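When you read off a place in the sequence shown, starting at 1, and then add 94, the result is the number in the numbering used here.
Note that the Cβ used here is the ideal one computed from N, Cα and C, for glycine as well.
Since we're looking at a predicted model, the values are computed, not measured.
Just below is one structure, and these are the notes that go with it.
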Amino acid sequence: MKRLHTLVLPHRVAGQLRQHLFPGDGREAAALLLCASTGHRRNKLLGREIIPVPYSACVRKPNFLTWPGEYVEAAIDRAALRGDAIIAAHSHPGGFFAFSPADDESDQVLMGSLRHGTDRVAGSAIMIPDGAMRARIYHSDHAATPVDLVTEAGPDLRFWWNDRASAAGPLGPPMAFTSAMRAWLGLMSACVIGVSGTGSIVAEQLARLGIGEIILIDFDKLEERNLNRILNSTVADIGTEKVKMFAGAIRRYRPNCEIVPVTDSVATRAAVLAACEADFLFSCVDTAEGRHIADDMRPYFAMPLFDVGVAIPTEATPAGERRIAEVYGRVDYVYPGGSSLMDRGVYDAALLEAEYLARTAPRAHAQKIADGYLRGVSEEAPGVISLNMRAASACVIEFLARLFPFRGFPNETRARAIFMLVEGDEDTFAESQFTNGDRFPIAYGASEPLLGLPALGQRRSVA
Numbered sequence: 095m096k097r098l099h100t101l102v103l104p105h106r107v108a109g110q111l112r113q114h115l116f117p118g119d120g121r122e123a124a125a126l127l128l129c130a131s132t133g134h135r136r137n138k139l140l141g142r143e144i145i146p147v148p149y150s151a152c153v154r155k156p157n158f159l160t161w162p163g164e165y166v167e168a169a170i171d172r173a174a175l176r177g178d179a180i181i182a183a184h185s186h187p188g189g190f191f192a193f194s195p196a197d198d199e200s201d202q203v204l205m206g207s208l209r210h211g212t213d214r215v216a217g218s219a220i221m222i223p224d225g226a227m228r229a230r231i232y233h234s235d236h237a238a239t240p241v242d243l244v245t246e247a248g249p250d251l252r253f254w255w256n257d258r259a260s261a262a263g264p265l266g267p268p269m270a271f272t273s274a275m276r277a278w279l280g281l282m283s284a285c286v287i288g289v290s291g292t293g294s295i296v297a298e299q300l301a302r303l304g305i306g307e308i309i310l311i312d313f314d315k316l317e318e319r320n321l322n323r324i325l326n327s328t329v330a331d332i333g334t335e336k337v338k339m340f341a342g343a344i345r346r347y348r349p350n351c352e353i354v355p356v357t358d359s360v361a362t363r364a365a366v367l368a369a370c371e372a373d374f375l376f377s378c379v380d381t382a383e384g385r386h387i388a389d390d391m392r393p394y395f396a397m398p399l400f401d402v403g404v405a406i407p408t409e410a411t412p413a414g415e416r417r418i419a420e421v422y423g424r425v426d427y428v429y430p431g432g433s434s435l436m437d438r439g440v441y442d443a444a445l446l447e448a449e450y451l452a453r454t455a456p457r458a459h460a461q462k463i464a465d466g467y468l469r470g471v472s473e474e475a476p477g478v479i480s481l482n483m484r485a486a487s488a489c490v491i492e493f494l495a496r497l498f499p500f501r502g503f504p505n506e507t508r509a510r511a512i513f514m515l516v517e518g519d520e521d522t523f524a525e526s527q528f529t530n531g532d533r534f535p536i537a538y539g540a541s542e543p544l545l546g547l548p549a550l551g552q553r554r555s556v557a
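Dropping the structure here:
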């Protein structure tokens, strides 16, 4: 998967930018987009704030725009506080989806001002009325490099490829479930956190659908008891790291798929920095801590997140035995700026505390349970492979529907889906049914401490 530069716009930022650039009068408008820059193998620009250039300060025509330099200076001052890149964006109300000769000429002057004698990344972008964007960046004052991909992460996943667009207009996503869909997926990267019961099945589907790169994160080794539910595992693999076993399996049938195995807990700095380079996150873990880290990465790195879980709660019978109360699977889709997994009650602070105490102070954990300070929480069961397959398939279908729309209803109405096999029912929930706590900062990238968690802070040597 060859890609150097990606510009990611959280849904809220994209909406603010589009609203300002298209006030409805048919004339061009401008704004400055401040972006965190992250990534090691490829550069990802995360749009986190816009500085609108007031209409009254500009000379605006349908195909011409000039604006004063004082707003450039304001953007430089604000960007300097965080080391942000600056993208100068303007509209093409007529729908011309390319940089014009006038844009090229303007950039030759503007980029020098934005870079302002530093090595700061600066760039320019155009937007047309439907929100589609193209962008380019300048590492020097005069040499432009196209941004390979511009994305908007919201209820729908919108993608605009630099080499798949023309002046006549952007090419939309191909039809779902086609070879053209596979070609698009071949240019994308996904990260699967947890490569066990559901995670191995999610990763298998992504690989066979043609995704170009899969980042696999799991610290655990394969045990004999895992063989009944982890795809591709064999007796010979017992004792091998799960991610390495699975990476080898994928390479046997997809030699052109780039696999990045990470043999660390997701709650480590190395794992977070590896995961943030993906376009999509799939959380397939059974711990609150793992979900909390994924939930944090979603806003910090402006990443869409698909979280899947299964459970088989039991209840006591009148005879004092146990029986299955329900068999269910759950898929949540959360995007940067929307409600979080914590907002939705998938995990909470009490469960995080319980896991921490169980790991670091088992006696204290047991005492708290005895004292009634920690409420009982039903454990997410590993389940059986048929249940895992049902849930993992629902998760990947949700992903495809967001990227290659095929439903007859808005994706926004399926922020969560829960199927119940005992009742033979399925419940769905819209994003509007959840309270958005706005508890995480958006598009802060790899600012320190990482994800705002001191435990993930950059290690410093001590003399």
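Exercise for the section: Put Ala238 into one of helix, strand or coil per three-state DSSP. Expected result: strand
Handout entry: Contact between the stretch 309 to 328 and the stretch 502 to 519 (3+ Cβ pairs under 8 Å)
Key = no
Problem - Extent of the continuous beta strand (DSSP E) to which Ser294 belongs - result: Ser294 -> not in any beta strand (DSSP E); alpha helix (DSSP H) instead, spanning Gly293 to Leu303.
Problem - the ligand ATP heavy atom lying under 6 Å from the CB of Trp278 - result: Of the ligands one can find in the structure shown there are none, so the ligand ATP has no counterpart to examine.
Exercise for the section: Just grab the DSSP bridge partners of His186 for me. Expected result: According to DSSP, which records beta bridges pairwise, His186 is partnered with nothing at all.
Exercise for the section: Would you check if the distance between the CB atom of Arg323 and the CB atom of Gly291 is smaller than 7 Å? Expected result: yes
Practice task
Take the Cβ of Met397 as the centre, count every other Cβ of all protein chains shown within 10 Å, and call the residue buried at 16 or more, exposed below.
Solution key: buried
Practice task
Please confirm whether Val490 and Gln202 have their CB atoms less than 7 Å apart.
Solution key: no
Exercise for the section: Please classify Lys315: does DSSP put it in a helix, a strand, or coil? Expected result: strand
Problem - Buried or exposed by the 16-neighbour rule on C-beta atoms within 10 Å, applied to Ile418 - result: exposed
Problem - Ala486 in three-state terms, based on DSSP - result: helix
Exercise for the section: Round the Cβ separation of His184 and Leu115 to the nearest angstrom and send it over; I've been treating them as touching at under 8 Å. Expected result: 7 Å
Practice task
Put Asp401 into one of helix, strand or coil per three-state DSSP.
Solution key: strand
Problem - Touching by the beta-carbon criterion (3+ pairs, under 8 Å), the stretch 132 to 141 and the stretch 384 to 398 - result: yes
Exercise for the section: List the endpoints of the continuous alpha helix (DSSP H) containing Tyr441. Expected result: First-last for Tyr441: undefined, no H or E at that position.
Handout entry: Terminal residues of the beta strand (DSSP E) in which Tyr232 lies
Key = Met227 to Tyr232
Problem - the stretch 324 to 341 contacting the stretch 419 to 439, beta-carbon criterion three pairs below 8 Å - result: no
Exercise for the section: Determine the contact status of Phe271 and Phe400, defining contact as a CB-CB distance below 7 Å. Expected result: no
Handout entry: Cys378 versus Val215 - alpha carbon distance
Key = 35 Å
Practice task
Consult DSSP for Thr507 and reduce its assignment to one of helix, strand or coil.
Solution key: helix
Handout entry: Distance CB(Leu325)-CB(Val286) smaller than 7 Å
Key = no
Handout entry: Contiguous beta strand (DSSP E) assignments of at least 3 residues, all confined to the stretch 135 to 165
Key = 137 to 146, 153 to 155 and 158 to 160
Problem - Straight-line Cα distance separating Pro268 from Tyr467 - result: In this prediction, Tyr467 has a pLDDT of 33, which is less than 50 and means its spatial position is unreliable; what the coordinates show is noted afterwards. Cα to Cα, Tyr467 sits roughly 53 Å from Pro268.
Practice task
Answer yes or no: do Leu550 and Asp390 have a C-beta to C-beta separation smaller than 7 Å?
Solution key: no
Practice task
Assign Arg209 to one of three DSSP states: helix, strand, or coil.
Solution key: helix
Handout entry: Beta-ladder partner(s) of Arg478, from DSSP
Key = A small fix is needed here, since residue 478 is Val in this sequence, not Arg. Val478 is not bridged to any residue.
Handout entry: Assumed close pair Val425, Ala488 - CB separation to whole angstroms, cut-off 8 Å
Key = 5 Å
Handout entry: With 16 other Cβ atoms within 10 Å as the buried cut-off, status of Pro104
Key = buried
Problem - Residue range of the alpha helix (DSSP H) that includes Asp389 - result: Ala382 to Tyr394
Practice task
To the nearest angstrom, report how far apart Asp519 and Phe513 are at their CA atoms.
Solution key: 6 Å
Handout entry: Simplified DSSP state of Asp201, which is helix, strand or coil
Key = helix
Exercise for the section: Compute the Euclidean distance between the alpha carbons of Glu449 and Ala341, then round it to the nearest angstrom. Expected result: 29 Å
Practice task
Just confirm the distance between the C-beta atoms of Pro264 and Phe191, as a whole number of angstroms; I'd bet it's less than 8 Å.
Solution key: 5 Å
Practice task
Helix, strand or coil for Leu281, going by three-state DSSP, please let me know.
Solution key: coil
Handout entry: C-beta contact flag for Phe500 and Arg510 at 7 Å
Key = no
Practice task
Check whether the Cβ atoms of Gly181 and Ala173 lie closer than 7 Å to each other.
Solution key: The amino acid occupying residue 181 in the given sequence is Ile; Gly does not appear at that position. No. Outside cutoff.
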